[in-house]
Amino acid sequence: MRRGLRRIHIWLGWIVAIPLLIWVVTGALMVITPFDKVRGNDLLAPPAPVAVTAAPVAPQLDGRAVRSLTLEQRAAGPRWIVRYQDGGAALADPGTGQALPALTAADAEAEVRARYRGEETMSGTDRTSAEDPPIDLRRPIETWRVTMTDGTRFYVNAATGEIVTHRTETWRFYDFLYGLHIFDVFARDNINNIWAQMFAWIGAVAIVLAIILLPFTLRRRRRRAAKD
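Using our numbering, the letters of the sequence shown correspond one by one to residues 414 to 641.
Next up, the structure:
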């Protein structure tokens, strides 16, 4: 029985050896760099306070149920942000209450320019869709993606002008390591995937067998030492 358990332990060890190595190495690499640097928190200034000189005019709504109504500062001035119950959103001018058109690429670049603290320049701006968001965004919203010359990407909500998030090249490398760490390289958001569960249970069984076999191994070594 002891010999059979030892063989099972050895085979289980071979099965989880590479996954455990990946888990340890990726975990070690991820803790090397401070997370504030990974996220690039120093690259983006906080939103400016709302600057109004007169009482804002209530926005003209189109009959849809409203979830929230906020007044926020944008690069071109204060704006009403109307968020609807159906998930949509729109901008309105607090000076007239009139609805504003959707943001253009130039508008998105202005939003980034107003809050960017780095020294790089913009290398390009493109549109992303809610149906197929980029892997480093992973949010079902339409955005303008403003890319800097160092590879940093700013995602600006195409409906509200909010800078949803920004991703540095270091963050994307960190994100790839995280995907390996949880054995979900493609989606990188499912920590309960079958691979992670399978390797975790196999590793747990291998450890339990090692604990069971340890006293037998120590006893055998003592007997051999006594005979010598």
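Note that the Cβ used here is the ideal one computed from N, Cα and C, for glycine as well.
* **With 16 other Cβ atoms within 10 Å as the buried cut-off, status of residue 533** => Here residue 533 is exposed, its C-beta having fewer than 16 other C-beta atoms within 10 Å.
* Which runs of the alpha helix (DSSP H) spanning at least 4 residues fall entirely within the region 470-543, listed in chain order? -> Whole alpha helix (DSSP H) segments, 4+ residues: 518-528.
* To do: List the endpoints of the continuous beta strand (DSSP E) containing residue 578.
  => Here the beta strand (DSSP E) through residue 578 covers 576-580.
* For residue 439, does the three-state DSSP call read helix, strand or coil? -> It is helical.
* Closest Cβ-Cβ distance between residue 594 and chain B: below 8 Å? -> Note that chain B does not occur in the displayed structure, where there is just one protein chain.
* Give the straight-line distance between the Cα atoms of residue 586 and residue 565, rounded to the nearest whole angstrom. => Whole-angstrom Cα-Cα distance: 12 Å.
* What residues in its chain sit with their C-beta under 8 Å from that of residue 467, if we drop five residues either side in the sequence? -> The beta carbon of residue 467 sits closer than 8 Å to the beta carbons of 508 from its chain, once the five residues preceding and following it are set aside; these are given in chain order.
* Asked: How about residue 524 and residue 572: are their beta carbons less than 8 Å apart?
  -> It is not a contact, given that the beta carbons lie outside the stated cut-off.
* To do: Please classify residue 550: does DSSP put it in a helix, a strand, or coil?
  => Coil, per DSSP.
* Can you name the start and end residues of the alpha helix (DSSP H) that residue 567 belongs to? -> Run containing residue 567: none in the alpha helix (DSSP H); it sits in the beta strand (DSSP E), 566-570.
* Within the same chain, show all residues whose beta-carbon is closer than 8 Å to that of residue 647, passing over the 5 residues directly before and after it, in chain order. => Since the first and last residues shown for the chain are 414 and 641, residue 647 lies out of range.
* Asked: Just the Cα atoms here: how many angstroms apart are residue 416 and residue 447?
  -> Residue 447 has its alpha-carbon roughly 47 Å from the corresponding atom of residue 416.
* Secondary structure at residue 583, three-state DSSP: helix, strand or coil? -> Three-state result, residue 583: helix.
* Consult DSSP for residue 381 and reduce its assignment to one of helix, strand or coil. => Because the chain is modelled from 414 through 641, residue 381 falls outside the range shown and cannot be assessed.
* **Cβ-based neighbour list, residue 563, same chain, cut-off 6 Å, excluding 5 preceding and 5 following** => Once the five neighbours on either side are set aside, the close Cβ partners of residue 563 are 533.
* Chain-order list of residues whose beta-carbon lies under 8 Å from that of residue 623 (same chain, five-residue window excluded) -> 422, listed in sequence order.
* To do: Count the other CB atoms, across all protein chains shown, that sit within 10 Å of the CB of residue 479; report buried if there are 16 or more and exposed otherwise.
  => It counts as exposed.
* To do: Identify which residue in 601, 449, 574 has its Cα closest to the Cα of residue 495.
  => Residue 574 is the option with its Cα nearest to residue 495.
* Can you give me the start and stop residues for the alpha helix (DSSP H) that residue 451 sits inside? => Its alpha helix (DSSP H) spans residues 448-452.
* **CA nearest to the CA of residue 469, picked from 491, 449, 538, 450** => If we check each option's Cα against that of residue 469, 491 comes out closest.
* Going by C-alpha distance, which of 443, 444, 510, 519 is nearest residue 475? -> Cα-wise, what sits closest to residue 475 is 510.
* Asked: Just the Cα atoms here: how many angstroms apart are residue 441 and residue 544?
  -> The alpha-carbon of residue 441 is positioned some 34 Å away from that of residue 544.
* **Assigned exposure category for residue 576 - 16 Cβ within 10 Å defines buried** => Taking every protein chain shown into account, the CB of residue 576 has 16 or more other CB atoms within 10 angstroms, so this residue is buried.
* Sheet register partners of residue 457 (DSSP bridge) -> The partner list for residue 457 (beta bridge, DSSP) reads 529.
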